[in-house]
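Note sheet for the following structure.
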Amino acid sequence: MAVHAHPDDEALWTGGLLAHLSRRGADVRVVTCTLGEQGEVIGEPMQGLIADEADMLGGFRYRELEDSLRILGVNGVHHRPCVLGGVGCWRDSGMVGTPSADHPRAFVKSGQQAVDALKALMSEFCPDIVVTYGPDGGYGHPDHIRAHEITHAAVAELPHTSAPELGGDNTDLFSAVLARRHGGRETSADHGIPDPVVLWAVRGETALKQAGRAISRIPDGWVAPSGMDFSFVDGAAGAVDSASSEKTPDKITEPDLAFVPDDLVDLAVQLSDADIEAQANAMAAHATQLWIADGRQSWTNPESAWAVSDPTVAPKVFALSNRIAQPLMREEHYVVAYGGSGPWAKTTPARYAYDSSVVRARGRSAFSLDQADEGAAHDTSEQSGQRR
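Under my numbering, residues 3 to 390 are what the sequence shown spells out, in order.
The following block contains the structure:
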């Protein structure tokens, strides 16, 4: 089960893993907490959908989510979205400090009701693995942080039985879970669910930087991310000046892409060509939110964009509405945050000790795992190039 804040997060953050597990026969469920009503829109034809105009973006993104889930092969045979609390229960809270957080249905105000709704879904689905974000939400969006909070609360409050065995590498983890699922076991809300392994989706520093350096050209009008030393050889707008690391003509003074130190990455899931293609196509299904620079067009965004990269390292290049170029990597990274048994067992949820000064100085989501620290700074919205 993957618990995500908005439509498109399932593809952007975990699309490779979801496609990989589905292809291997796993039953995969994506839970989407809001419809992303406060998002910006890529492409001129659909600009009027935004919240300040027609306020119809949420319904449009629901349809994009349907396509994405079908491409990833998740949410059962009909691939229907599973919206927490039902469609329209909670609304996109917007970024930190925006008036949308004061909306009566804002997800940040969801309280125990959201935890109970997620517990009900977990009791029904009995997941062996639960995937969400870390305590900073990956980049500080309040809805991502809230998704993390309700996921850990729901897991903690459900009655549990045993924990799935964890092996010494990511292949052993998923193979053990799949074998256990296929072998069948008694699970119900009355008897408890198996203690699930909780994963946090992250991006490791070295792999992200290597993938970024594999990009040799970005589309006209796009910009290179700051703080990453992506040194595009033949970039268009936003090409990196190797001497100053500043970009022209569009300078971005804040760090743009979040990543974590390599030693915090527990799982590096190697993706096949089929996994990557499924992830890229699922991302492209969210055409109002994500722009794949491989020449594809849609009636939502009829403008094509082209990037050049080494496909062995960065098979695709994409951007959000801010047009900051990002590599689609050949592996996805996860922190094993809680649960399981064996060498990776974590009986106390791991937490981030977040240092915003390091983020601004070094251009990364800088945190360490701290079993005792109950606090995590939430206002990190200035970083990461992820603006919805």
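Think of the CB as a built atom: it goes at the ideal place given N, C-alpha and C, for glycine as much as any other residue.
Asked                                                                                                                                                            : Found
Secondary structure at residue 351, three-state DSSP: helix, strand or coil?                                                                                     : Note that residue 351 has pLDDT 49, beneath the 50 cutoff, so the model's placement of it is unreliable and no number is given.
Counting beta carbon pairs with one atom in the region 291 to 309 and one in the region 258 to 274, are three or more of them shorter than 8 Å?                  : no
Go ahead and pull the three-state DSSP assignment for residue 18.                                                                                                : helix
With a 10 Å radius around its C-beta and 16 neighbouring C-beta atoms as the bar for buried, classify residue 106 as buried or exposed.                          : exposed
State the Cα-Cα distance for the pair residue 138 and residue 149, rounded to the nearest angstrom.                                                              : 10 Å
Among the residues of its own chain, which have a CB less than 8 Å from the CB of residue 115, if the five just before and after it don't count?                 : 87
With a CB to CB cut of under 6 Å and the five nearest residues on each side skipped, what residues in its chain are close to residue 58?                         : 51
DSSP beta-bridge partners for residue 329?                                                                                                                       : 319
So is residue 1 buried or exposed if we call it buried at 16+ other beta carbons inside 10 Å?                                                                    : An answer regarding residue 1 cannot be provided, because it is not within the stretch 3 to 390 covered by the chain.
Restricting to runs no shorter than 4 residues, where is the alpha helix (DSSP H) found entirely within the region 80 to 127?                                    : 113 to 127
Alpha carbon to alpha carbon, how far is residue 126 from residue 160?                                                                                           : 12 Å
Could you give the distance in angstroms between the alpha-carbon of residue 135 and the alpha-carbon of residue 67?                                             : 19 Å
Kindly give me the distance between the Cβ atoms of residue 74 and residue 280, rounded to whole angstroms, as I take these residues to be in contact under 8 Å. : 6 Å
What is the DSSP secondary structure of residue 277, reduced to helix, strand or coil?                                                                           : helix
Quick check on this structure: which residue in 277, 209, 221 has the alpha carbon closest to the alpha carbon of residue 260?                                   : 209
Near residue 207, what residues of its chain come up, given a Cβ to Cβ distance below 7 Å and the 5 sequence neighbours on each side ignored?                    : 261, 262, 263, 264, 366
Helix, strand or coil, according to DSSP, for residue 7 in the structure here?                                                                                   : coil
CA-CA distance, residue 15 and residue 204?                                                                                                                      : 8 Å
My assumption, with CB atoms under 8 Å, is that residue 222 sits in contact with residue 326. Please give the rounded CB distance.                               : Rounded, the Cβ-Cβ distance is 14 Å, inconsistent with contact.
Checking the sheet assignment: what are the DSSP bridge partners for residue 205?                                                                                : In DSSP, residue 205 forms no bridge with anything.
Using the Cα positions of residue 38 and residue 80, report the straight-line distance between them to the nearest angstrom.                                     : 22 Å
Which residue spans inside the region 125 to 165 form an unbroken beta strand (DSSP E) run of at least 3?                                                        : 131 to 134
Quick one: Cα of residue 82 to Cα of residue 46, how far?                                                                                                        : 28 Å
So, do the region 142 to 157 and the region 91 to 100 have three or more beta carbon pairs nearer to each other than 8 Å?                                        : yes
Quick one: grab the DSSP three-state call for residue 245.                                                                                                       : Low local confidence applies: a pLDDT of 32 at residue 245 is under 50, so the model's placement there is unreliable, and no value is given.
Please report the distance separating the alpha-carbon of residue 226 from that of residue 89.                                                                   : 36 Å
Whose CA, out of 316, 340, 324, 214, lies closest to the CA of residue 332?                                                                                      : 316
Where does residue 36 land, buried or exposed, given buried means 16+ other C-beta within 10 angstroms?                                                          : buried
Write down the C-beta distance between residue 63 and residue 290 rounded to the nearest angstrom, noting that I regard them as a contact closer than 8 Å.       : 7 Å
If residue 133 and residue 4 are in contact, beta carbons under 8 Å, what's the gap, nearest whole angstrom?                                                     : 4 Å
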